[in-house]
Amino acid sequence: MLKLENVTKKFGDFAAVDHLSLEIPAKQMFGFLGANGAGKTTTFRMILGLMDQTEGDISWNDGEIGYEQSHLIGYLPEERGLYPKLKVEDQLVYLAKLRGMSKQEAVPEINRWLERFKVPEYRTKKVEELSKGNQQKIQFISAVLHKPKLLILDEPFSGLDPVNVGMLKEAVVELKEAGTSIVFSSHRMEHVEELCESLCIMHKGKPVVHGGLKEIKRSFGKQKVRIEAEFDVGFLRDKEEVLHYKETSEGAICQVKEDKDAEELFEALQGRGFVRQFVLEEPSLEDIFIEKVGESYE
Amino acid sequence: MNKFFVILSHTYTNRIKSRAFIITTLLTIAAILVMANIQTIMDTFQEEGSGESTTAIIAEEPVASALSSSITGGELYEGGEEEAKKAVLEGEYDGLLVVEEGENGLPEGHYYMDQFTSSSGAEVRQALQQVKATIAAEEQEISGEALSVISSPVSFETTALEEGAKSEEELNQARVIVYIMLFVMYLAVVMYGNIIATEVTTEKSSRVMEILISSVSPVTQMFAKITGVALVGVTQIGLFILAGFLGITFADDTEGSLIQMAGLSNPDWGVISYAVLFFLLGYFLYATLAAMLGSLVSRVEDAQQIVTPMMMLVIAAFFLAISALSTPEATYIIIASYIPFFTPFVMFTRMGVGDVALWETLVSLGLLVGTIFLLGIIGARIYRGGVLMYSSASLLKNVKEAMQLSKKE
Numbered sequence: 001m002l003k004l005e006n007v008t009k010k011f012g013d014f015a016a017v018d019h020l021s022l023e024i025p026a027k028q029m030f031g032f033l034g035a036n037g038a039g040k041t042t043t044f045r046m047i048l049g050l051m052d053q054t055e056g057d058i059s060w061n062d063g064e065i066g067y068e069q070s071h072l073i074g075y076l077p078e079e080r081g082l083y084p085k086l087k088v089e090d091q092l093v094y095l096a097k098l099r100g101m102s103k104q105e106a107v108p109e110i111n112r113w114l115e116r117f118k119v120p121e122y123r124t125k126k127v128e129e130l131s132k133g134n135q136q137k138i139q140f141i142s143a144v145l146h147k148p149k150l151l152i153l154d155e156p157f158s159g160l161d162p163v164n165v166g167m168l169k170e171a172v173v174e175l176k177e178a179g180t181s182i183v184f185s186s187h188r189m190e191h192v193e194e195l196c197e198s199l200c201i202m203h204k205g206k207p208v209v210h211g212g213l214k215e216i217k218r219s220f221g222k223q224k225v226r227i228e229a230e231f232d233v234g235f236l237r238d239k240e241e242v243l244h245y246k247e248t249s250e251g252a253i254c255q256v257k258e259d260k261d262a263e264e265l266f267e268a269l270q271g272r273g274f275v276r277q278f279v280l281e282e283p284s285l286e287d288i289f290i291e292k293v294g295e296s297y298e
Numbered sequence: 001m002n003k004f005f006v007i008l009s010h011t012y013t014n015r016i017k018s019r020a021f022i023i024t025t026l027l028t029i030a031a032i033l034v035m036a037n038i039q040t041i042m043d044t045f046q047e048e049g050s051g052e053s054t055t056a057i058i059a060e061e062p063v064a065s066a067l068s069s070s071i072t073g074g075e076l077y078e079g080g081e082e083e084a085k086k087a088v089l090e091g092e093y094d095g096l097l098v099v100e101e102g103e104n105g106l107p108e109g110h111y112y113m114d115q116f117t118s119s120s121g122a123e124v125r126q127a128l129q130q131v132k133a134t135i136a137a138e139e140q141e142i143s144g145e146a147l148s149v150i151s152s153p154v155s156f157e158t159t160a161l162e163e164g165a166k167s168e169e170e171l172n173q174a175r176v177i178v179y180i181m182l183f184v185m186y187l188a189v190v191m192y193g194n195i196i197a198t199e200v201t202t203e204k205s206s207r208v209m210e211i212l213i214s215s216v217s218p219v220t221q222m223f224a225k226i227t228g229v230a231l232v233g234v235t236q237i238g239l240f241i242l243a244g245f246l247g248i249t250f251a252d253d254t255e256g257s258l259i260q261m262a263g264l265s266n267p268d269w270g271v272i273s274y275a276v277l278f279f280l281l282g283y284f285l286y287a288t289l290a291a292m293l294g295s296l297v298s299r300v301e302d303a304q305q306i307v308t309p310m311m312m313l314v315i316a317a318f319f320l321a322i323s324a325l326s327t328p329e330a331t332y333i334i335i336a337s338y339i340p341f342f343t344p345f346v347m348f349t350r351m352g353v354g355d356v357a358l359w360e361t362l363v364s365l366g367l368l369v370g371t372i373f374l375l376g377i378i379g380a381r382i383y384r385g386g387v388l389m390y391s392s393a394s395l396l397k398n399v400k401e402a403m404q405l406s407k408k409e
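Chains as they are written, first to last, in the UniProt record's numbering: chain E, 1 to 298; chain D, 1 to 409.
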């Protein structure tokens, strides 16, 4: 388990991370959400010990993370970069050696991953000859080659086409099932909703929402009712159960507190005409974010 | 520790295999071989050239015959003065000496050549001087013996009283060796300092640095890199020395050759072992500085710029050492030899050509080693923060920011 207690990082007077407390359970996938500058990368750097926190404690399995554990940790930085002049294989072998692997151990793993990402022909190519997306795959390989116990991925899917995103997602899920704890950041809500059991939404260095995905949605206390009807549903706007009303082309989306309120709305619609759709929707992370932060996310 | 060697061998093999390294090394070896054989090469060209110089002489007897025998390549010219001048212009002769009788019956000379050179008529003038002296002596009725007694050089010897002082010849040899060592040291610090700064900046600019520092501590990285480049230096300089050794062995080692003059055929091993010591310390001092500076910038183009202040220091040290070659006892030289950034150059020179007490050496070495450690500690901290920094503010601001990034508040 990765534990952050009251972690603060200040650059001068500016608090990049402000009293962040987190518990990231082992063998799970944990999502870090937040706009640019929300403090995600700084948090990762502190977890990895690249920077010291101004205040607070970070521990992993009740110990500190230091260079002694570097063979247990994988990291894909947000700023991608490899040696441009080195061949892919030499590069990966070098980086694997720095994570405590021997060359004999590393080479078969490298071949396996290159096969898996369908780029075995790049083994002897220089990195600078590869496209950006393919460089990113190579870098992903360098982060997972040594079978880390804790894998930190900073924006792993940004800049990739959907096919490659799918390939990477598959690999990440497989690693999780093999017992790796994965922390990843994204500014795409849907990736986190799809992959993570628990998450944290950061805003200006502060955690706005934190916990299991299901609990967060359940405890949000609001639900969405999507209504499509043949008649004007504008009268719902004045119902006291409706917390937020938004007109759509076919009807409206109403936000209500609980299931009971939705039933009220359902009652109210009776006898007015044909209702094509009446759906009770879970709130999306996007809704939660907007509600908590008070502004749109992207 | 293991990772230290992984980085070290990576740095080393990558450098050794690089095209730049191979080309510079081969070119320098070629230059060394040429330098070692310069005597032979010069002789070869001398023989193939126009041969000895010739001088046309127009004079009356008996001066004419005396001159033509004492001037090498001297030849009596049978013809007019104008004709002779033309012959000089056409290159038939290198010069023309016209001797006329002056007022008091002594010969007066006028030397013509196509253009002035550094040795314009010096030999001719000396020959004429001798002829004049002989004539004058005859006129004044001074015997030949008396004349030779007067004109023979005075006997003059120098001896240093201080014990252990170097003899004139030893001193000259020491100067040459020290000069060569200084030059090698200067080149090495400039070259390898630049390589280190560029290596660090390249890793930063390609952003591979963040992966590196998440696997291995920046401090280990920095020192592994410095040591790796040091080994590259040892390899390269080793090759140079080997080339120099071979060159000297096969060169014309006769009396009076350049190599003999420099005392290179019989080197002073004491000076050389000091040179190695100061060389290594000087290298580590400047390499640490270079790694630190390199970590402060994020683009390779800026690396050259940021090491400029350091290069200034190296140049200053080099010139101080050069002036110490002739005045090793000057106060400013003695002071400079204790300033750690100058010590490797200046103290080494003082030891090579002057007389330095043991305590002086030890104090300056102590200061130097202390500074290396201090710089290592500060450098490691700046490096740790600097590698995460991608701003392009001024040097001082960057240093401040880097220190801030790497410290707990």
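The beta-carbon is built from N, C-alpha and C at its ideal position, and this holds for glycine as well.
Predicted, not measured: the structure shown is a model, and the values here were computed from it.
Taking DSSP as the reference, what is the three-state secondary structure of residue i?
i              : result
D90 (chain E)  : helix
G74 (chain E)  : strand
S214 (chain D) : helix
L20 (chain E)  : strand
Q277 (chain E) : strand
T308 (chain D) : helix
I253 (chain E) : strand
L89 (chain D)  : helix
P107 (chain D) : strand
R116 (chain E) : helix
M389 (chain D) : coil
R45 (chain E)  : helix
S59 (chain E)  : strand
N134 (chain E) : helix
M351 (chain D) : helix
Y274 (chain D) : helix
E199 (chain D) : helix
If I measure Cβ to Cβ from residue i and keep anything under 6 Å in the same chain, skipping five residues before and after, which residues do I get?
i              : result
L285 (chain E) : M189, E193
T134 (chain D) : none
V165 (chain E) : F157
E409 (chain D) : Any reading at E409 (chain D) needs caution, since the residue's pLDDT is 41, under 50, leaving its predicted position unreliable; the model's value is listed next. Excluding positions up to five away in sequence, the list is empty.
G121 (chain D) : Y111
List the residues of chain A that residue i touches, going by C-beta distances under 9 Å, in chain order.
i             : result
L95 (chain E) : The structure shown contains no chain A; its protein chains are E and D.
Could you check which residue in the options has the C-alpha nearest to that of residue i?
i                     : options                        : result
residue 482 (chain D) : D:T117, D:F116, D:D355, D:L96  : In the structure as shown, chain D starts at 1 and stops at 409, and residue 482 (chain D) therefore has no counterpart that could be examined.
T308 (chain D)        : D:I339, D:L76, D:A174, D:L293  : D:L293
R226 (chain E)        : E:V242, E:S219, E:G211, E:D238 : E:V242
S206 (chain D)        : E:M29, E:G39, E:G81            : E:G81
A330 (chain D)        : D:L365, D:V346, D:A316         : D:V346
G354 (chain D)        : D:E139, D:F342, D:T327         : D:T327
A59 (chain D)         : D:V98, D:I29, D:E83, D:K204    : D:V98
S70 (chain D)         : D:K132, D:F156, D:V208         : D:K132
K204 (chain D)        : D:Y179, D:R384, D:G376         : D:R384
M51 (chain E)         : E:G63, E:Y67, E:D62            : E:Y67
K147 (chain E)        : E:E78, E:G211, E:H71           : E:H71
P340 (chain D)        : D:L367, D:S323, D:T349, D:G352 : D:L367
residue 474 (chain D) : D:A291, D:A316, D:L320         : Given a span of 1 to 409 for chain D in the structure shown, any question on residue 474 (chain D) remains unanswerable.
G28 (chain D)         : D:A230, D:L242, D:G79          : Here residue 28 (chain D) is Thr; the residue named in the question, Gly, does not match the sequence. The shortest Cα separation from T28 (chain D) among D:A230, D:L242, D:G79 belongs to D:L242.
Q277 (chain E)        : E:E64, E:I290, E:I253          : E:I253
Excluding the five sequence neighbours on either side, which residues of its own chain have a C-beta within less than 7 Å of the C-beta of residue i, listed in chain order?
i              : result
K217 (chain E) : E282, P283
T227 (chain D) : L8
E267 (chain E) : none
L89 (chain D)  : D114
S53 (chain D)  : G73, D94
Y186 (chain D) : V314, F318
D261 (chain E) : E241
E240 (chain D) : Note on identity: in this sequence residue 240 (chain D) is Phe, with Glu being the wrong assignment. Only T28, I29, I32 meet the Cβ criterion.
Give a single yes or no on whether residue i has its beta carbon closer than 7 Å to a heavy atom of the ligand SAM.
i              : result
H110 (chain D) : Questions concerning the ligand SAM fall outside what the structure shown contains, since it holds no ligand whatsoever.
So, for residue i: in the same chain, excluding its five sequence neighbours on each side, which residues have a beta-carbon less than 8 Å away from its beta-carbon?
i              : result
K292 (chain E) : I201, H203, V208, V209
*Specify whether the segment 198-206 of chain E and the segment 26-36 of chain E touch according to this definition: at least 3 beta carbon pairs, one from each stretch, less than 8 Å apart.*
yes
*asked:* For a minimum of 4 consecutive residues, which ranges assigned as the alpha helix (DSSP H) are wholly contained in the segment 165-218 of chain E?
replied: 189-195
*Inspect the CB distances between the segment 311-331 of chain D and the segment 138-150 of chain D and report whether three or more fall short of 8 Å.*
no
*Unbroken beta strand (DSSP E) runs of length 3 or more, entirely within the segment 113-177 of chain D: which are they?*
none
*Are the segment 43-50 of chain E and the segment 90-99 of chain E in contact at 8 Å, needing three or more beta carbon pairs?*
no
*Count the CB pairs spanning the segment 12-22 of chain D and the segment 106-118 of chain E that are closer than 8 Å, and state whether there are at least three.*
no
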